[in-house]
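Notes to accompany the following structure.
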Amino acid sequence: METPRLFMVFCLLAIGTASANVCSNPKVKHSVYTTKDKRLSTENVYVVEFDLACDGGKKDVPIYVDLNGKTIQTARDAKTGKYQASWSIDYAKAPTGQLAFRLFDEDGYVALRKAQRNNEDTSTVKELATITEKFKGASDGPWFQSETVALLATIVICYVAHSARSKIVS
Amino acid sequence: MSQFTKEEEILLQDYSRNVSTKSGALFYGNALIISAIPIWLFWRVHQMDPISSAILYVAMTAISTFLVSFAYKNSKFVLKHKIVQKREEAVTREILRKFEDKRMTKQEREERILLKKNEVADYEATTFSIFYNNAIYLLIVVAASFFFLRSFTPALNYILTIAAASGLVALFSTGTK
């Protein structure tokens, strides 16, 4: 008699826990940071920060973010409630162009991992939301240093001044 | 009462290194501006805080102002005589054309030509002297602070750059050609 009751309580707990990790009708407000200058670092850094609003006011939903096949679990700020995920990738392999950060909840993440293990097309796995950002790539810096340009400009002006003076003095 | 005629006064002024009050003010004003420009450069690029380095900035700017205005005066003196020779024909033609219809003695006409020549040469020599010396000053400042003295501390870099720029500009101006 006790066993069926215990089993039912256990099932209810399991369902409750599982549904707590699912976000329905997600609304995302995001900001993305990417490395601007290659000269100051050895790897390209991508940081995505976002607010997630789910139906029913659910909070603390574990979220995973995927960028070009690299999936990581987000960290969540307890005070502000913002989620954050970051990657640092070698410049040679760093993705550029239209970046797509795919957000997954627990269920989505499990499906994604399964597809990755079975070498299936991961684009068929439905994500919770997608954050897109256009990234041209980190800059190598200007072709000429500004002091070189300034020096060349002053040399040209001095040459013009000296030529004019030579004409007057001759 | 002056013992000299107007013509003699103009000639004396011509061969004197002294400048008029107006020219003097122009020289010192321009020298101050050009000497103060490197302050912005050292503050923003070499990160020399203006509050903590205020005494250094003021002292070097004052020295540089004096030397650069000295260079202006010297350059103007050398250039003026050459410009007078170059512009003589054009000025004479202009005065003759202007006073063609008016009756004038030869002396009066020559006096006017001399005055006009002096005025034109004075103005052209003043402006060219400022332009020429400023160009050399800024070239030395850029070359010294960004290339030759790059590895020095900002304060030492500033002192040596300004000393070199203003010193060399003053030195070059003492040439007779």
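Chains as they are written, first to last, in my numbering: chain A, 1 to 170; chain B, 171 to 347. Ideal Cβ placement from N, Cα and C applies to all residues, glycine included. All values derive from a computational prediction rather than experimental measurement.
Any beta carbon of chain A sitting closer than 9 angstroms to that of L326(B)? no
Would you mind sorting F298(B) into buried or exposed? The rule is 16 or more other CB atoms within 10 Å of its CB. buried
CA nearest to the CA of V290(B), picked from R279(B), V261(B), I310(B): Just measuring C-alpha positions, the residue of R279(B), V261(B), I310(B) sitting nearest V290(B) is V261(B).
is_contact[R39(A), chain B] using C-beta, thresh 9 angstroms: No, its Cβ sits nowhere closer than 9 angstroms to a Cβ of chain B.
Are three or more beta carbon pairs between the segment 192-209 of chain B and the segment 227-247 of chain B nearer than 8 angstroms? By the Cβ test, the segment 192-209 of chain B is in contact with the segment 227-247 of chain B, since at least three Cβ pairs between them sit closer than 8 angstroms.
Buried/exposed call for A78(A), threshold 16 Cβ in 10 Å: exposed
Give a yes or no on whether the minimum CB-CB distance between R117(A) and chain B is below 9 angstroms. Not a single C-beta of chain B is nearer than 9 angstroms to the C-beta of R117(A).
C-alpha distance - L196(B) paired with A241(B), whole-angstrom precision: Going by the C-alpha atoms only, they are around 13 angstroms apart.
Assign M171(B) to one of two classes, buried (16 or more other C-beta atoms within 10 Å of its C-beta) or exposed (fewer than that). Low confidence applies here, because M171(B) scores a pLDDT of 46, under 50, leaving its location unreliable; read the following figure in that light. Counting Cβ neighbours within 10 Å, M171(B) comes out exposed, since fewer than 16 surround it.
Pick from N327(B), R257(B), Y227(B), N303(B) that is closest to L341(B), judged by C-alpha positions: Of N327(B), R257(B), Y227(B), N303(B), the residue nearest in Cα terms is N303(B).
Using 9 angstroms as the limit for Cβ to Cβ distance, is L330(B) near chain A? no
Have a look at D121(A), S31(A), I131(A) and flag the residue whose alpha-carbon is nearest the alpha-carbon of F104(A). For the options D121(A), S31(A), I131(A), the alpha carbon positioned closest to that of F104(A) is the one of I131(A).
Does chain A have any CB closer than 9 angstroms to the CB of S336(B)? no
What residues in its chain sit with their C-beta under 7 angstroms from that of L249(B), if we drop five residues either side in the sequence? A295, F298, S299
Residue closest to Q98(A), alpha-carbon to alpha-carbon, out of R117(A), V32(A), K167(A): V32(A)
Beta carbon of V238(B): closer than 8 angstroms to some heavy atom of the ligand GDP? Only the bare structure without any ligand can be found here, which leaves the ligand GDP out of the picture.
Could you spell out the range, first to last residue, of the beta strand (DSSP E) harbouring Y46(A)? Here the beta strand (DSSP E) through Y46(A) covers 43-53.
Element boundaries [beta strand (DSSP E), containing D90(A)]: 83-90
In the segment 269-291 of chain B, which residues sit with their C-beta less than 7 angstroms from some C-beta in chain A, listed in chain order? none
What is the DSSP secondary structure of K29(A), reduced to helix, strand or coil? Residue state, collapsed to three classes: strand.
Would you mind sorting A153(A) into buried or exposed? The rule is 16 or more other CB atoms within 10 Å of its CB. exposed
Do the segment 207-226 of chain B and the segment 314-325 of chain B make contact, defined as three or more Cβ pairs closer than 8 angstroms? Under the three-pair Cβ rule at 8 angstroms, the segment 207-226 of chain B counts as touching the segment 314-325 of chain B.
Quick one: what's got a C-beta closer than 6 angstroms to D90(A)'s C-beta in the same chain, skipping five residues either side? E43
Name the chain A residues that come within less than 8 angstroms of K256(B), Cβ to Cβ? I168
Cβ distance (whole Å) where Y293(B) is taken to contact A335(B) below 8 angstroms: So it is not a contact: roughly 26 angstroms between Cβ atoms.
Rounded to whole angstroms, what's the CA-CA distance from N239(B) to E278(B)? Just pull it up for me. In the sequence as displayed, the identity of residue 239(B) is Ser instead of Asn. Those two C-alpha atoms are separated by around 35 angstroms.
Got a sec, what are the start and stop residues for the alpha helix (DSSP H) A229(B) sits in? 224-268 is the extent of the alpha helix (DSSP H) around A229(B).
Local conformation of D173(A) per DSSP, three classes: Nothing about residue 173(A) can be reported from this structure: the residues present for chain A run from 1 to 170 only.
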